[in-house]
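Asks: Chains as they are written, first to last, in the numbering used here: chain Z, 90 to 249; chain X, 90 to 249. Where a beta carbon is used, it is the ideal one built from N, C-alpha and C, also for glycine. There's a structure below that I have some questions on.
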């Protein structure tokens, strides 16, 4: 249970940090698809924070956070990358890359949390965690689709 | 090309950092399966560093690194977690969780690098990156299998 709680606090910190970080990413996009995907994910992140609070409640705990060094590092890398680039396809590619690293961190964490919830017999928490896990996987897939579309467009305009 | 090089430097730093970090994780395991999986991945990481050097050579660059804040954060989180736990199933679960977060970071990065190599028409680099990407996915799957086996063993010894 201790590890489950620790990871819940870690991911709550991470999601709250993303609420502050995603708007900068959105403001730097030039691709409409990417802008829409990130905007949708920002809304989803608010919802996920609400569901995390429910999970804390389901184990009779107050939602608290503990700093997630990994997410802090991911956000700091994304921020440095954006400071060094000008809005355009190159910057979009960098944003997709940064966002996919963030998604993969979340996929790994929610995957673990879901397994812990199953082991601990916390079926309500497990259901909510599976919902969030599937949303993160779907967000990652959307970013891959946007990247592939950009690669194909790029290939189409390249000289043979 | 600039973003491709940046990410290569980032992941080379990350892999080198893992060479130093994985032995501590191995020394803390109690599960034989987990010990073997991490030991195998440590050997694979050495091989991957060699292949990354080949990729640098293929674009006429010397292999150099740039600090990867995200991997530094992931390793620091793993290290803090291990400092707080005693060898045993709970600690194994924490190590699997930390290792899967690391794998997911690598999967996202190599996925992006492979896409960049494709866009840039770097077929030799693309081939090597796909090899590494598949190894990382397979390492992640092995960790999931170990976690599921542990969950099932745990469920089997629980009172009904």
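Among residues of its own chain, excluding the 5 on either side of residue 161/Z, which ones have a beta-carbon nearer than 8 Å to its beta-carbon?
Replies: These residues qualify, in order along the chain: 106.
Asks: Hey, would you say residue 181/Z sits closer than 8 Å to residue 227/Z, going by beta carbons?
Replies: Result no, Cβ atoms of residue 181/Z and residue 227/Z do not sit closer than 8 Å.
Asks: Can residue 171/X and residue 117/X be called in contact, C-beta distance under 8 Å?
Replies: It is a contact, given that the beta carbons lie within the stated cut-off.
Asks: Please name the residue in 211/X, 158/X and 219/X whose C-alpha comes closest to that of residue 90/X.
Replies: Ranking the options by Cα distance to residue 90/X, first place goes to 211/X.
Asks: If you reduce the DSSP assignment to three classes, tell me which class residue 105/Z lands in.
Replies: In this structure, residue 105/Z counts as helix in the three-state DSSP scheme.
Asks: Return the residues of the segment 177-204 of chain Z that lie within a Cβ-Cβ distance of less than 8 Å from chain X, sorted by chain order.
Replies: Per Cβ criterion, the list reads 179, 182, 183, 185, 186, 189, 190, 192, 193, 194, 196, 197, 198, 200, 201 and 204.
Asks: According to a CB-to-CB cut-off of less than 9 Å, which residues of the segment 205-223 of chain Z neighbour chain X?
Replies: Correct list: 205, 207, 208 and 210.
Asks: Determine, for residue 142/Z, whether the minimum Cβ-Cβ distance to residues of chain X falls below 8 Å.
Replies: False, the Cβ-Cβ gap to chain X never drops below 8 Å.
Asks: Going by the CB atoms, is the gap between residue 127/Z and residue 115/Z shorter than 8 Å?
Replies: Yes, the pair counts as a contact, with Cβ atoms nearer than the cut-off.
Asks: If the criterion is Cβ atoms closer than 8 Å, does the pair residue 236/Z and residue 157/Z meet it?
Replies: No, the pair does not count as a contact, with Cβ atoms beyond the cut-off.
Asks: Residues in the same chain with beta-carbon distance under 6 Å from residue 153/X, minus the five sequence neighbours each way, listed in chain order, please.
Replies: The residues are 98.
Asks: For residue 163/Z, which residues in the same chain have their Cβ closer than 8 Å to its Cβ, ignoring the five residues on either side in sequence?
Replies: Contacts found: 187, 190, 191 and 194.
Asks: Would residue 130/Z be called buried (16 or more neighbouring beta carbons within 10 Å of its own) or exposed?
Replies: Label assigned to residue 130/Z: buried.
Asks: Pick helix, strand or coil for residue 150/Z, following the three-state DSSP scheme.
Replies: Residue 150/Z falls in the coil class under three-state DSSP.
Asks: Could you give the residue range of the alpha helix (DSSP H) that holds residue 252/X?
Replies: Here chain X has residues from 90 to 249 only, and residue 252/X is not among them.
Asks: In angstroms, rounded to a whole number, what distance separates the CA positions of residue 140/Z and residue 125/Z?
Replies: Cα to Cα, the separation comes out at about 23 Å.
Asks: Does any residue of chain X have a CB that is nearer than 8 Å to the CB of residue 137/Z?
Replies: For residue 137/Z, the answer is no, since every Cβ of chain X falls outside 8 Å of its Cβ.
Asks: Starting from residue 198/Z, trace the alpha helix (DSSP H) in both directions and tell me its first and last residue.
Replies: Counting along the chain, the alpha helix (DSSP H) containing residue 198/Z begins and ends at 178-209.
Asks: Quick check: is the beta carbon of residue 225/X nearer than 8 Å to any beta carbon in chain Z?
Replies: Judged by the 8 Å Cβ criterion, residue 225/X is not in contact with chain Z.
Asks: Just to confirm, is the Cβ distance from residue 214/X to residue 159/Z under 8 Å?
Replies: Contact flag unset, no.
Asks: Quick one: which chain X residues come within Cβ less than 7 Å of residue 92/Z?
Replies: Simply 179, 182 and 183.
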